[in-house]
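Residue numbers (our numbering): 253 to 520.
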């Protein structure tokens, strides 16, 4: 028989991530690692290291140039956009770490999260350089050509923006809710959290999918949605909801009735 949420045992490492407080070392390490991702992604694109890595792995690289005088940072408009997606994700996550999160972010866990995001970013960067997977339009020497010659680039960028905004704004709303003394001991079901109990995970899934679509097209984006949604549904959400069931009891049961969707509104 399947155990209920309150009967399941949580691993000790997960319980550690739910502790309130601030880890100066963990926050500093996360911030440094996420910032370090940006020159790394730029170097992969601008130096030719990424192209050499693709060839080393047996792939054929794109024929169009990666660098260009058309942009201020010396990359083609397409690869400037790709780099911009890495910048946006780092900015959002650092803001969350330093300005929103209230759980203790220990150095070990913060390193794991930062490295995980760098791995995904690096994979996307390399896919833009592999001829088979790159979503770079054949004609993309200007910003206008970039967004008009291949609709999936525009769609991916829009999905990225929607997901990043959703994850950021729902966390801001929840922080404001918690800061109100009248809401002490309550879970946030207002704003975006009134649409899905883990809408922040949904937002992350969307922007990661949009990032992937810009880099390697719809198949890679769909694969990223399947991977992340599966991970959240099979691991992260069960852990979190087990924790909430034990901590909040009857209030948690009422929240589940009030907000029936777990990840995406009207979907799951």
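Every residue gets a Cβ at the ideal spot worked out from N, C-alpha and C, and that includes glycine.
Asked                                                                                                                                                                               : Found
Where in the segment 320 to 388 do unbroken runs of the beta strand (DSSP E), each at least 3 residues long, occur, reported from the N-terminal end onward?                        : none
Roughly how many angstroms lie between the CA atoms of residue 268 and residue 355, to the nearest whole one?                                                                       : 9 angstroms
Would you report the Cα separation of residue 371 and residue 292, rounded to the nearest angstrom?                                                                                 : 11 angstroms
Can you tell me whether residue 332 is buried or exposed, with buried defined as 16 or more other CB within 10 angstroms of its CB?                                                 : buried
Which value, in whole angstroms, describes the spacing of the CA atoms of residue 350 and residue 330?                                                                              : 31 angstroms
Looking only at its own chain, which residues have a Cβ that is under 7 angstroms from the Cβ of residue 277, when we skip the five neighbours before and after it?                 : 359
State yes or no: is the C-beta of residue 327 within less than 9 angstroms of the C-beta of residue 297?                                                                            : yes
If we call anything under 9 angstroms between Cβ atoms a contact, is residue 342 one with residue 281?                                                                              : no
Start and end of the alpha helix (DSSP H) containing residue 456?                                                                                                                   : 451 to 483
Once DSSP output is grouped into helix, strand and coil, what is the label at residue 508?                                                                                          : helix
Are the CB atoms of residue 493 and residue 426 nearer to each other than 9 angstroms?                                                                                              : no
Under a Cβ-count criterion, where at least 16 other Cβ atoms within 10 Å of its own Cβ denotes burial, should residue 274 be classed as buried or exposed?                          : exposed
Using only alpha-carbon positions, find the residue among 451, 435, 402 and 404 that is nearest to residue 422.                                                                     : 451
Report yes or no: do three or more beta-carbon pairs, one from the segment 425 to 442 and one from the segment 464 to 473, lie closer than 8 angstroms?                             : no
Let me confirm a value: residue 309 is counted as buried when at least 16 other C-beta atoms fall within 10 Å, else exposed. Which label applies?                                   : exposed
CB of residue 299 to nearest heavy atom of the ligand ADP: below 8 angstroms?                                                                                                       : The model on display carries no ligand, and the ligand ADP is accordingly not part of it.
So, are the CB atoms of residue 416 and residue 340 less than 9 angstroms apart?                                                                                                    : yes
Between 376, 369 and 394, which lies nearest to residue 471 when the distance is taken from Cα to Cα?                                                                               : 376
Could you give the first and the last residue of the continuous alpha helix (DSSP H) run that contains residue 419?                                                                 : 403 to 431
Could you give the distance in angstroms between the alpha-carbon of residue 516 and the alpha-carbon of residue 455?                                                               : 9 angstroms
State buried or exposed for residue 453, treating a residue as buried only when at least 16 other CB atoms are found within 10 Å of its CB.                                         : buried
Mind reading off the beta-carbon distance from residue 344 to residue 395? Whole number of angstroms is fine, and I expect it under 8 angstroms.                                    : About 23 angstroms separates the two Cβ atoms, so there is no contact after all.
Between 335, 279, 316 and 496, which lies nearest to residue 352 when the distance is taken from Cα to Cα?                                                                          : 279
Just the Cα atoms here: how many angstroms apart are residue 391 and residue 319?                                                                                                   : 14 angstroms
Can you tell which of 366, 442, 404 and 502 has its C-alpha closest to the C-alpha of residue 474?                                                                                  : 404
Taking all protein chains shown into account, do 16 or more other C-beta atoms lie within 10 angstroms of the C-beta of residue 507, making it buried, or fewer, making it exposed? : buried
As a quick exercise: from 476, 447, 368 and 483, pick the residue whose alpha carbon is nearest that of residue 519.                                                                : 447
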